[in-house]
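Enquirer: Below is the structure I would like to discuss, written out as structure tokens.
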Amino acid sequence: MVNTVAIIGAGLGGLSVAQALRKQGINAQVYEKACLLRPVGAGLSLVPNGLHSLEAITPGITELLKAAGSQTQKLTLHKSNGELIGQKSVTLQEKYGQPMLQIRWSCLQEILASQLPSEAIHLDHRCIGFQQNQKEVQVCFESGKTVQADVLIGADGLNSVVRQILIGDGDPDYAGRMSWRAVLKYSHPKLLPHEVMSMTASDGKIFGFFDLGSGYVFWSGAALCPEGNIAETAAEVKSRIQHQFSGWAEPVQEILAATNVENIVERPICDRPPLENWSQGRVTLLGDAAHPMVPLLGQGANTAFEDAWELAQCLRHASSIETALANYENSRKPRTQIIQIRNAVGAKRAYKADSETYLAKMMQQTQLSDAEFEEWLYNYKPSLVNYS
Ligand SMILES: Cc1cc2nc3c(=O)[nH]c(=O)nc-3n(C[C@H](O)[C@H](O)[C@H](O)COP(=O)(O)OP(=O)(O)OC[C@H]3O[C@@H](n4cnc5c(N)ncnc54)[C@H](O)[C@@H]3O)c2cc1C
Numbered sequence: 002m003v004n005t006v007a008i009i010g011a012g013l014g015g016l017s018v019a020q021a022l023r024k025q026g027i028n029a030q031v032y033e034k035a036c037l038l039r040p041v042g043a044g045l046s047l048v049p050n051g052l053h054s055l056e057a058i059t060p061g062i063t064e065l066l067k068a069a070g071s072q073t074q075k076l077t078l079h080k081s082n083g084e085l086i087g088q089k090s091v092t093l094q095e096k097y098g099q100p101m102l103q104i105r106w107s108c109l110q111e112i113l114a115s116q117l118p119s120e121a122i123h124l125d126h127r128c129i130g131f132q133q134n135q136k137e138v139q140v141c142f143e144s145g146k147t148v149q150a151d152v153l154i155g156a157d158g159l160n161s162v163v164r165q166i167l168i169g170d171g172d173p174d175y176a177g178r179m180s181w182r183a184v185l186k187y188s189h190p191k192l193l194p195h196e197v198m199s200m201t202a203s204d205g206k207i208f209g210f211f212d213l214g215s216g217y218v219f220w221s222g223a224a225l226c227p228e229g230n231i232a233e234t235a236a237e238v239k240s241r242i243q244h245q246f247s248g249w250a251e252p253v254q255e256i257l258a259a260t261n262v263e264n265i266v267e268r269p270i271c272d273r274p275p276l277e278n279w280s281q282g283r284v285t286l287l288g289d290a291a292h293p294m295v296p297l298l299g300q301g302a303n304t305a306f307e308d309a310w311e312l313a314q315c316l317r318h319a320s321s322i323e324t325a326l327a328n329y330e331n332s333r334k335p336r337t338q339i340i341q342i343r344n345a346v347g348a349k350r351a352y353k354a355d356s357e358t359y360l361a362k363m364m365q366q367t368q369l370s371d372a373e374f375e376e377w378l379y380n381y382k383p384s385l386v387n388y389s
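Mapped onto our numbering, the consecutive letters of the sequence shown carry residue numbers 2 to 389.
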């Protein structure tokens with residue numbers, strides 16, 4: 002029924018859904034605007050729901066990921082002056098069968114890309130539009146090239162072009178926080194292997210250090226800022242973050258001083274409110290294009306992996322493309338909305354109160370304890386979902 006699928010975006014969502022579809026015998030082709038899959042200066046937390054999904058797509062992949070990253074065993078929280086506020090052991094592996102894994106973004110992307118034949122990834126292909134009819138969807142690229150497919154998946158991230166054509170809801174919302182991050186080879190007596198150390202201050206600033214294994218550390222800082230404008234030069238970015246975190250205890254000053262200016266990524270944190278629908282005809286969305294969220298719970302990529310597994314199962318099992326995409330959306334929307342809302346509650350985001358259902362769900366989430374939410378989140382088992 003479905004022979005060819007065009008996927009826009011070779012991010013974590015696009016690569017994983019391509020692999021999930023190809024495992025079902027579907028010819029999935031990925032189109033990416035970048036000319037190179039360049040390393041992004043970041044690390045990522047993978048947790049049981051995301052890891053179980055990746056393992057369902059590619060049995061054995063989590064062993065490769067574990068070898069490339071670092072399993073977190075302890076979380077510590079400190080004041081900005083270094084004083085310890087609290088600490089806890091991470092027991093996700095024992096409770097949910099997968100660990101909390103910190104990994105370099107570039108390693109993860111490389112491992113996902115290496116599962117696909119190189120001819121299935123088309124770099125330097127910026128999608129600018131599509132048209133669909135009852136037989137096919139035609140995708141248009143900036144170069145003037147077009148391709149035909151049975152299904153189009155927009156996995157093109159927060160500023161998705163596919164979403165703009167499908168939904169047309171404009172730019173994402175700035176969530177009032179700027180973030181800065183970098184990955185470097187670094188050691189410091191206060192940064193221990195298998196540990197994530199966070200520091201916080203009463204003005205809403207946070208700074209985290211994540212051991213990524215193999216001597217790499219990922220640091221990430223965020224601060225409330227009324228404007229979400231990006232600095233013009235790399236040197237300005239570095240002086241901004243040094244200014245934001247001046248006076249914070251070590252190892253903040255030392256790691257900032259040791260980080261090459263060119264490696265620091267500055268980004269405004271953005272999201273969008275949950276969508277009512279994200280598929281039409283032969284076209285659907287996945288990952289950040291469908292349900293972007295502030296990175297409070299570290300679930301953006303993890304939920305994209307869930308999407309990837311479920312969409313491939315729906316396309317395999319349903320009687321028609323429209324039924325498959327409806328099944329996918331009906332399965333994914335309730336879960337991702339809860340996670341978007343939980344993020345919004347935690348980050349004190351106020352969306353336009355546009356529906357009673359949304360407000361009711363928001364109320365429910367404020368009443369659910371962190372432990373209850375964690376159990377629901379991490380107990381996700383891809384193989385138990387009904388896709389037909
Ligand atoms: C500071 C920060 C920390 C985070 N930490 C975590 C974490 O610990 N755990 C977690 O699960 N998530 C985390 N996230 C979220 C996570 O990074 C995203 O949710 C995830 O990368 C989304 O994947 P995606 O494939 O949907 O989109 P993206 O990763 O954005 O990929 C989209 C791809 O589409 C391409 N593209 C865009 N437009 C076009 C076009 N027109 N034509 C062709 N290609 C196009 C882009 O170049 C890109 O390669 C974090 C996010 C931030 C900002």
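For each residue, glycine too, the CB sits at the ideal point set by N, CA and C.
Owing to the predicted nature of the structure, the values given are computational and were not obtained by experimental measurement.
Within 8 Å: the Cβ of Ser54 and any heavy atom of ligand 1?
Expert: No, the beta carbon of Ser54 sits no closer than 8 Å to any heavy atom of ligand 1.
Enquirer: Taking only the alpha-carbon atoms, compute the straight-line gap between Thr234 and Ser221 and give it to the nearest angstrom.
Expert: Straight-line Cα distance between these residues: approximately 19 Å.
Enquirer: From this set, Asn331, Ile322, Ala224, Phe374, which residue's C-alpha is nearest Leu298's C-alpha?
Expert: Of Asn331, Ile322, Ala224, Phe374, the residue nearest in Cα terms is Phe374.
Enquirer: Can you say whether Thr324 is buried or exposed, counting buried as having 16 or more other CB atoms within 10 angstroms of its CB?
Expert: The residue is exposed, with fewer than 16 neighbouring Cβ atoms inside 10 Å.
Enquirer: Ordered along the chain, which non-local residues of its own chain (more than five positions away) have a Cβ less than 6 Å from that of Ala43?
Expert: Within the same chain, Ala43 has close Cβ partners Trp106, Arg182.
Enquirer: Would you call the CB atoms of Ala156 and Pro383 closer than 9 Å?
Expert: Result no, Cβ atoms of Ala156 and Pro383 do not sit closer than 9 Å.
Enquirer: Taking the alpha carbon of Gly70 as the reference point, which residue from Ala7, Gln103, Gly301, Leu167 has its own alpha carbon closest?
Expert: When each option's Cα is compared against that of Gly70, the closest is Gln103.
Enquirer: Beta carbon of Gln110, beta carbon of Leu225: below 9 Å?
Expert: Not closer than 9 Å, so no.
Enquirer: Please report the Cβ distance between Asp289 and Gly158, rounded to the nearest whole angstrom; I am assuming they are in contact, meaning their Cβ atoms lie under 8 Å.
Expert: That belief holds up - the Cβ atoms of Asp289 and Gly158 are roughly 5 Å apart, short of 8 Å.
Enquirer: Run the CB neighbour count on His244, radius 10 Å, all protein chains shown included, and call it buried at 16 or more, exposed below.
Expert: The residue is exposed, with fewer than 16 neighbouring Cβ atoms inside 10 Å.
Enquirer: What residue does the beta strand (DSSP E) around Tyr217 start on, and which one ends it?
Expert: Per DSSP, Tyr217 belongs to the beta strand (DSSP E) from 217 to 225.
Enquirer: Can you tell me whether Met2 is buried or exposed? The criterion is at least 16 other CB atoms within 10 Å of its CB, across all chains shown.
Expert: By the 10 Å Cβ count, Met2 comes out exposed.
Enquirer: For the region 107 to 187, list the alpha helix (DSSP H) runs that are entirely contained and at least 4 residues long, ordered along the chain.
Expert: Correct list: 162 to 167.
Enquirer: Roughly how many whole angstroms lie between the Cα atoms of Gln338 and Ser188?
Expert: One C-alpha to the other measures close to 39 Å.
Enquirer: Per DSSP, Ser199 is paired with what?
Expert: In DSSP, Ser199 forms a bridge with Leu78, Gly209.
Enquirer: For Ser17, which of helix, strand or coil comes out of DSSP?
Expert: If DSSP states are grouped into helix, strand and coil, Ser17 belongs with the helices.
Enquirer: Could you name the residues that DSSP lists as bridge partners for Lys397?
Expert: What is shown of the chain runs 2 to 389, which leaves residue 397 out entirely.
Enquirer: Tell me which residue opens and which closes the beta strand (DSSP E) that Lys89 is part of.
Expert: Residues 85 to 90.
Enquirer: Quick check: Pro45 and Ala302, are their CB atoms within less than 9 Å of each other?
Expert: Residue 45 is actually Leu in this sequence, not Pro. For Leu45 and Ala302, yes; Cβs fall inside 9 Å.
Enquirer: Excluding the five sequence neighbours on either side, which residues of its own chain have a C-beta within less than 7 Å of the C-beta of Arg283, listed in chain order?
Expert: Cβ within range, chain order: Gln133, Val138, Asp151, Val152, Leu153, Ile322.
Enquirer: Apart from the five residues on each side of it in sequence, which residues of its chain come closer than 8 Å, Cβ to Cβ, to Ala441?
Expert: The structure shown does not extend to residue 441, since the chain spans only 2 to 389, so no value can be given for it.
Enquirer: Could you compute how far the alpha carbon of Pro252 sits from the alpha carbon of Gly216?
Expert: Answer to the nearest angstrom: the Cα atoms are 16 Å apart.
Enquirer: Tell me whether Glu267 sits in a helix, a strand or coil according to DSSP, three-state version.
Expert: Here Glu267 sits in strand by DSSP.
Enquirer: Are the beta-carbon atoms of Lys67 and Pro100 separated by less than 9 Å?
Expert: Yes. Within cutoff.
Enquirer: Rounded to whole angstroms, what's the CA-CA distance from Ser90 to Gly171? Just pull it up for me.
Expert: One C-alpha to the other measures close to 42 Å.
Enquirer: Smallest Cα separation from Leu344: which of Leu369, Phe246, Cys36?
Expert: Before going on, a small fix: residue 344 reads as Asn here, not Leu. It is Leu369.
Enquirer: According to DSSP, is Ala7 part of a helix, a strand, or is it coil?
Expert: Here Ala7 sits in strand by DSSP.
Enquirer: Look at the Cβ atom of Thr63, then the Cβ atom of Leu52, and state whether they are nearer than 9 Å.
Expert: Against a cut-off of 9 Å, the Cβ pair of Leu52 and Thr63 comes out as a contact.
Enquirer: Between Val48 and Leu378, is the Cβ-Cβ spacing less than 9 Å?
Expert: In this structure, Leu378 lies closer than 9 Å to Val48 by Cβ.
Enquirer: Would you please state the rounded distance, in angstroms, between the beta carbons of Leu185 and Ala259? I believe it to be under 8 Å.
Expert: Leu185 to Ala259, Cβ: 7 Å. Contact.
Enquirer: Report yes if the C-beta of Ser71 is less than 8 Å from at least one heavy atom of ligand 2; otherwise report no.
Expert: Within the structure as shown, ligand 2 is missing, the only ligands being ligand 1.
Enquirer: Enumerate in chain order the residues of its own chain whose CB-to-CB distance from Ile86 is below 7 Å, with the five nearest sequence positions on each side excluded.
Expert: Excluding positions up to five away in sequence, the list reads Leu78, His79, Lys80.
Enquirer: Going by C-alpha to C-alpha distance, which of Met294, Val18, Gly205 sits closest to Cys271?
Expert: Answer by Cα proximity: Met294.
Enquirer: Would the beta-carbon of Ile231 fall within 9 Å of that of Pro194?
Expert: Cβ distance not < 9 Å, so Ile231 and Pro194 don't count as in contact.
Enquirer: In three-state DSSP terms, what is Ser332?
Expert: Helix at Ser332.
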